[in-house]
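J.: The structure's right below; bear with me while I get my questions together.
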Amino acid sequence: MSVMSRSENARSLGLWDRDHEGHDVIGTRTFGFWLYMLTDAMVYAALFATFGVLSHVVNLAGGPSPAAVVHPVYAYGETVALFVSVLAYGGAMVALKAGNKAALIGALGAAMVAGGVFLGLAYSDIERLFHAGIVPQASGYLSIFFGLILYHALHILVGMVWMLVMIVQVMTRGFTSNVVYRLINLRLFWHFQAVIWVFVFTFVYLQGTVL
Amino acid sequence: MVIGQTVKKWLRFTYGIPMLFLNGCAHSGLLLLEPRGLLSDTAVHYFTLDVGIMLLIIVPTALLAIWAMWRYRRGGRGAYRPDWSHSGRIELVVWGIPLVTVAVLSYLSIKAIYELNPYNPTILARTHKAAGRPLRVDVIATDWRWLFIYPRQHIASVNELVVPVHRPIRFRLTSTSVVNDFLIPQLVGMIDVMPGMRVKEAMVVNKPGHYLGFSADYSGAGLSWMHFDTHAVSVAQFRRFVAAARSSGRGLTDTGFNRFARPFIAVGGARQVFGRVQQGLFGHVVREVMRGKVWRTPMDMTENMVRYMKQQRAEQNAGEY
Amino acid sequence: MSASHHDPLSHPEVQLASGRGYVANFLVTTLLMGFGLWLSVTHAVAPLTLVAVTSGIAAVAVGVQAYLLLHMNLSEAQIWHTVAMILFLPLFVVTIGLTAWMFHGLYARTMIMSPHIGAFLHR
Amino acid sequence: MGRLSLRQIPYQNPILVGTFVFALILGAAIVGLVTYHKRWGVLWREWLTTVDHKKIGVMYCLIGLVMLFRGFIDALMIRTQQAIAVGPHSPGYLGALHGYLTPFHAGQIFTAHGLIMVVFAATPLLVGLMNIIVPLQIGARDMAYPYLNALGLWLTAAGAALVMVSLFIGNFAHGGWYGFVPYFELPYSPGVGVDYWLWAFQLSVLGTTLGSINLIATIVKMRAPGMTWMRMPIFTWASLSANLIALTTFPVLMVCLALLASDRYFGTHFYTAGMGGNLMLYNDLFWVWGHPEVYFLILPAFGMMSEIVPTFSEKTLFGYATMVIASFAIGGVSWGVWLHHFFTMAAAPSVNSFYSVTTMLVGIPTGVKVFNWIFTMYRGRVRFELPMMWAVLSLFLLLVGGLTGMMNAFATNDYMWHNGVFVVAHFHLMVLLIAASIFGSVEYWFPKVFGFKLEARWGKAFFWCIVLGTGWVFIPMFLLGFAGMTRRLDYIPYTQWGPYLRVMLVGMGFYILAVAFFFMHLYVSLRDRAKNRVGADAWGTSRSLEWMTHSPVPAYNFAFVPQVHARDEWAWRKEQGVADLKSGPYRDIHMPGNTGVPFVLGALALALAFALTWRIWWLSGLALALCVAVVIVRAFAEDTDTVISAQDVERAERRYHDGEVVPMEEPMGRPTPRPAT
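Protein chains in written order, with this note's numbering: chain Y, 305 to 515; chain D, 2 to 322; chain Z, 8 to 130; chain A, 6 to 682.
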């Protein structure tokens, strides 16, 4: 094969992509955000590892035992509130698929309200414990107990602020690709909180009754 | 392990080379390679095997690399074959050699770990059946001194460990404030000494002598002066040490220990002997720390320590140490 | 960087939304968690069984959520999301599992349990 | 102002005052030069606000080099202190009992040395190089998230700045770069040093995590058409595996540090000795990150060697698939080895055995890599130019480092010297391997980024001084390891260690020469840049995609995105005789537009970290609120793109073809409001 024909052969394969369209913006953005959520999951994994280490009997330091701290029935109320909020956000996604702005804003509002209920319940639970002198400074176990639930609550707060921003953006911008990818990212964020809560509820609250 | 033995012999020889180089005198100062205890002996034995086996791989690899670079340099004698980039057989060897090496070393490593398990060194049980009742020593690391308590003898000594040769020593160790690392290079390896926790270590000294001990983990400003002397002595000498300590030393109670454990930089040494040590002091200290007792480091041992150091300097110059 | 000439709403990740899936997820997970709650407040089973059963329930619930909420599947739009998660899963197990293993041994070897603290063992 | 007052400025310490004066003069010189050449506008428009991955990479490398210099000065101080302060009769200066550093000051220096070298020198240099090269190697026009890329840079810069601020206001942590618990708890470290350390570390964690997300998404989503996984250049593979490690482990470090911060700021009991805390938990979480982090640093270095060795052997890489598998095997195994950093914790023998074996397993893929490099040279035509010299040095350092690494992995050996200087010597060789690879790839890729080669004479002098210095410092250090010397001593109680420590000073002399030669190397190269100008393929035998565009690389990287046909696409094209870059007619290119937001966020993060360090609560609150506000406001900015018009592309391409050097900071493209959707 001569050099000439080889190069012609190669040329015929196409050397440059002249009609490069750029990549799929929404897909790239949501992928990156999903990676970020996984790092957050890793944060939780480290916190749960800490929880595992610090729920040995010596970590109570003579303070209250887990069974005296957790209140699973109350926490189930938080669970339902959070799951309702997640369901409402699911509704928002269905509305987005249908291109229905009003329904989407309504569903986001509902998700915010339910998230607010969750936060309110969490707040009063913590308030109750603080009044009983059960504070993070009392023992290693309590440090990580409060650490876990406060970190989760912080996520809920951030999610609610984000929803507020998205409501404004949907109203002012409509469904631009930037708004849509942010809505999808928020879906990942919000639904992820439900997944984490399943672990918190099970390992901290339900299993706390027998530790 | 015939190969191992040969390798070992050969390696023992090579230790000498750097020693000749650097100071030629009899005592090279390479403490880790001059073990004088049962556990350190065992550790060095495995160390030698490990290094020998690794060198069997590393040296030929290095030679291969040099040969390839030399022969296939531009203008060298090697034939240039730019398209050659794969060979199943070489790949097999390339994965196989490290795999086999790691398998052998893993086996040795696990064996060594059990033999030298500080809580229950099986090497000790195997070789020292008739060595008699072990001597118990409780070690408490403070900021920045070592307190060695002999619970059965009710005596204690600061920064000086006196032990009989050939008799197994069982240590229990804890710390009052931060993590230290207990080390006597020629006798026993490192073990973390942690506050609020109790760890164990065992040791047998083979030769009488004077051995240095160190605190290896960073524990603050006084770390560099937190070394101690180990005297391995005969049984009779040890008895004399105990008797002397009992008759001359001051007492050490739980409350006295609270004062003793306050931060102190032991510049120029801090030897001290206590004759009557309150029973159960070790357990008391562990429990106190678990309950949250803290001996704080004052600012003049961190931020403002220039004045403190100047004062120590003056005391040193005045010959107080 | 300019894919704006496509209709963003036709993006496969928007089209994933499924009302029926979200409702099913809500019902299943709420009931599962309710069952776990019932087990723990009635003390119907032994402590160790409770730990095992509730962990199992959590695993099922999270599996359901991963499939119905997070849409972990092998479709072209979602495959990299799924791959990324599968990559992380063993690391969660390793972090928590190995840590628990190490510290279980460490507590047994280094902690002196005084009667004072031991009193809390069975509370 | 919280704890901050004028008394916190260490004006009594002549060393720090001297440093301050030096910094002041240097700062004044830089400000003066920029003002004199009227470059403030360019600096802001084309550098501080840029989102171009190449410029961000260059700035990462600059941060890395500056911090490398600072870390080197720290090393110099440690070595001189240890050489002077031997035995009880050694002299003392400047208030110190022995040597010229008080224990507290010495502690700060080795802490800063470690943290800076690992987190603010090696990491930014590697991240910078990955930033520059990876998008080029996969034929992308930029990273997946250019804005996030800039944010990562400025967060890292804020962290580095915080470390530097600690020199002149207050003090730094004083107990080792990875922190000791409970030593770093408030009762034992009452000052602000630990807080500086905490927040500087935390900022870099945030920056690196964001960076890793960006690189992974770039590699997964932005490859040029035709670039299948098994056609990806090996450095890209190495970057992918390294960033996967960063992505998965840095969050654990974030938790580890956050819990320590919580102990210090809120009085919780995560790591306290009493009250139900567990101090070993800190080590556990730290090394869950810490060990994989080592591979986060070394995998890109391996990737660089795998690029340089084939280029200068004029031959394909031997065992490409094996190399890829080995990279991922190293990454995977690195997740299960962390306890070997506290083998002496008195864990059960079963636990120590497990970690000893997993640690040794790392040796298998690493060994495979060594063999593959050797077999790449085998049947090649090896050219010993500067990059290759560094790669060969790396190879030999890896052999010694690997030997000593296997010695450390053997748990009972580790009992002998766990906190001794043998370990210090071992990991310094490994880090020097990384540094050698970095220097090699700086030599290798410099012409790609700046359009001219670095000159060779001073470069060789620099290289040989590093070689000599390394031998002279670290062979004695290994011997000291056998002599039982422990780490972090500010005073040497055992006088037999003294001679070795003094011998090491000779090595430090070579290192000082090396630094001087390095600056000469840069200066002479810059002066003679016209002589060393190169075209697209600077070395003539390179193989991967980045050599297929002009040097220096235009803002848009490739006028047209290349179609990829083979593993070594550029080598393939040269072989097929289609290595031609002319490819008109051109089209408009959409690029992300510059923005000052990441810079502002970095500045706010610095303010936040500084305020938290000194417990200035009002400033912390304000900085945090402003951060949130800026993020939200930025979310409302829609027109963030620019367009480089076809004419501009054509003009630029013609200039490149005419052999003209188009400076990097020449603006291209103009913001164009996109059509409303």
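Idealized CB from N, CA, C, for every residue including glycine.
Between which two residues does the beta strand (DSSP E) carrying D/Leu253 extend?
T.: That run of the beta strand (DSSP E) goes Arg251 to Leu253.
J.: Reducing DSSP to helix, strand and coil, say where A/Trp544 ends up.
T.: Correct three-state label for A/Trp544: coil.
J.: Give the range of the alpha helix (DSSP H) segment to which D/Asp42 is assigned.
T.: Counting along the chain, the alpha helix (DSSP H) containing D/Asp42 begins and ends at Leu39 to Arg72.
J.: How many whole angstroms separate the CB atoms of A/Thr2 and A/Ile335, which I take to be in contact at a CB cut-off of 8 Å?
T.: In this structure chain A extends from 6 to 682, so residue 2 of chain A is not present and cannot be described.
J.: Can you tell me the Cα-Cα spacing of A/Thr321 and A/Ala576, whole angstroms?
T.: Each residue's alpha carbon lies about 9 Å from the other.
J.: Looking at the C-beta of Z/Thr117, does it have a partner C-beta in chain D at a distance below 7 Å?
T.: Taking Cβ atoms only, chain D reaches closer than 7 Å to Z/Thr117, which makes this a yes.
J.: If you measure from the beta carbon of A/Val257 to each beta carbon in chain Y, is any gap under 7 Å?
T.: By this cut-off, A/Val257 is an interface position.
J.: Are the beta-carbon atoms belonging to A/Asn599 and A/Thr54 less than 7 Å from one another?
T.: Their beta carbons are under 7 Å apart, which means A/Asn599 touches A/Thr54 by this criterion.
J.: Output the boundary residues of the alpha helix (DSSP H) element that contains D/Glu1.
T.: Any question about residue 1 of chain D goes unanswered here, given that chain D covers just 2 to 322.
J.: Report yes if the C-beta distance between A/Asn219 and A/Met148 is below 7 Å; otherwise report no.
T.: Against a cut-off of 7 Å, the Cβ pair of A/Met148 and A/Asn219 comes out as a contact.
J.: Can A/Arg492 and A/Asn424 be called in contact, C-beta distance under 7 Å?
T.: In this structure, A/Asn424 lies closer than 7 Å to A/Arg492 by Cβ.
J.: Relative to chain Y, which residues along the stretch 360 to 390 of chain A have a C-beta separation below 9 Å, given in chain order?
T.: Listed by position, the residues of the stretch 360 to 390 of chain A near chain Y (Cβ gap below 9 Å) amount to none.
J.: Cutting at 8 Å between CB atoms, please list the residues of its own chain near Y/Thr513, excluding the five before and the five after it.
T.: Excluding sequence neighbours, Y/Thr513 sits near Pro370, Ala371, Val374 and Pro376.
J.: Going by other Cβ atoms of all chains shown within 10 Å of its Cβ, with 16 needed for buried, is D/Met2 buried or exposed?
T.: Because the pLDDT at D/Met2 is just 43, under 50, the model does not fix this residue reliably, and the value given afterwards should be weighed accordingly. Its Cβ having fewer than 16 others within 10 Å, D/Met2 is exposed.
J.: In three-state DSSP terms, what is D/Met204?
T.: It is a strand residue.
J.: May I ask you to list the residues that DSSP assigns as paired with D/Ala142?
T.: D/Trp147 and D/Ser176.
J.: Just to confirm my understanding: we take D/Val164, look at its own chain, exclude 5 residues before and 5 after, and list those with CB closer than 8 Å. What are they?
T.: Result list for D/Val164: Leu136, Val138, Ile170, Met204, Val206, Thr231, His232, Ala233, Val234 and Phe239, in chain order.
J.: Kindly indicate if chain Z contains any beta-carbon less than 7 Å away from that of D/Gly200.
T.: For the sequence presented, residue 200 of chain D should be read as Val rather than Gly. Yes, contact with chain Z.
J.: Between A/Phe115 and A/Ala80, what straight-line distance do the alpha-carbon atoms span, to the nearest angstrom?
T.: Answer to the nearest angstrom: the Cα atoms are 7 Å apart.
J.: When you compare the CB of D/Gln313 with every CB in chain A, is at least one pair closer than 7 Å?
T.: Interface residue, yes.
J.: Please check the pair D/Ala142 and D/Leu184, which I expect to be a contact at CB under 8 Å, by giving their CB distance rounded to whole angstroms.
T.: At roughly 12 Å, the Cβ-Cβ gap does not stay under 8 Å, so D/Ala142 and D/Leu184 are not in contact.
J.: Go ahead and pull the three-state DSSP assignment for D/Gly210.
T.: Strand, per DSSP.
J.: Would you kindly report the start and end of the unbroken beta strand (DSSP E) that includes A/Thr647?
T.: Where A/Thr647 is concerned, the enclosing beta strand (DSSP E) stretches over Asp646 to Ile649.
J.: Could you name each continuous alpha helix (DSSP H) segment of 4 residues or more that falls completely within the stretch 10 to 44 of chain A, going from the start of the chain to the end?
T.: DSSP runs (the alpha helix (DSSP H)) wholly in the stretch 10 to 44 of chain A: 19 to 41.
J.: How about A/Ala564 and A/Glu658: are their beta carbons less than 7 Å apart?
T.: Yes, the pair counts as a contact, with Cβ atoms nearer than the cut-off.
J.: With a CB to CB cut of under 6 Å and the five nearest residues on each side skipped, what residues in its chain are close to A/Trp292?
T.: Closer than 6 Å at Cβ, skipping near neighbours: Trp343 and His346.
J.: Count Cβ pairs between the stretch 39 to 57 of chain A and the stretch 75 to 95 of chain A that sit closer than 8 Å; are there 3 or more?
T.: Contact between the stretch 39 to 57 of chain A and the stretch 75 to 95 of chain A is absent, because fewer than three Cβ pairs lie under 8 Å.
J.: For Y/His495 and chain Z, any beta-carbon pair shorter than 7 Å?
T.: Y/His495 counts as touching chain Z.
J.: Find the nearest neighbour of A/Trp502 within the set A/Tyr105, A/Ala584 and A/Gly489, judged by alpha-carbon distance.
T.: When each option's Cα is compared against that of A/Trp502, the closest is A/Gly489.
J.: Compute the Euclidean distance between the alpha carbons of D/Arg314 and D/Leu148, then round it to the nearest angstrom.
T.: Each residue's alpha carbon lies about 24 Å from the other.
J.: Using DSSP with H/G/I as helix, E/B as strand and the rest coil, what is D/Asn181?
T.: Strand.
J.: Any C-beta of chain Z sitting closer than 7 Å to the C-beta of A/Asp289?
T.: Chain Z, which has a Cβ nearer than 7 Å to the Cβ of A/Asp289, makes this yes.
J.: Look up Y/Trp320 in the DSSP assignment and say whether it is helix, strand or coil.
T.: Y/Trp320 falls in the strand class under three-state DSSP.
J.: Can you check whether the C-beta of D/Val287 is within less than 7 Å of a C-beta belonging to chain Z?
T.: Yes, D/Val287 counts as interfacial toward chain Z.
J.: A/Leu9 to Z/Pro19, Cα distance in whole Å?
T.: Roughly 54 Å between the two C-alpha positions.
J.: With a threshold of 7 Å between beta-carbons, can D/Ser392 be considered close to chain A, or not?
T.: Any answer about residue 392 of chain D is impossible in this case: the structure gives chain D only from 2 up to 322.
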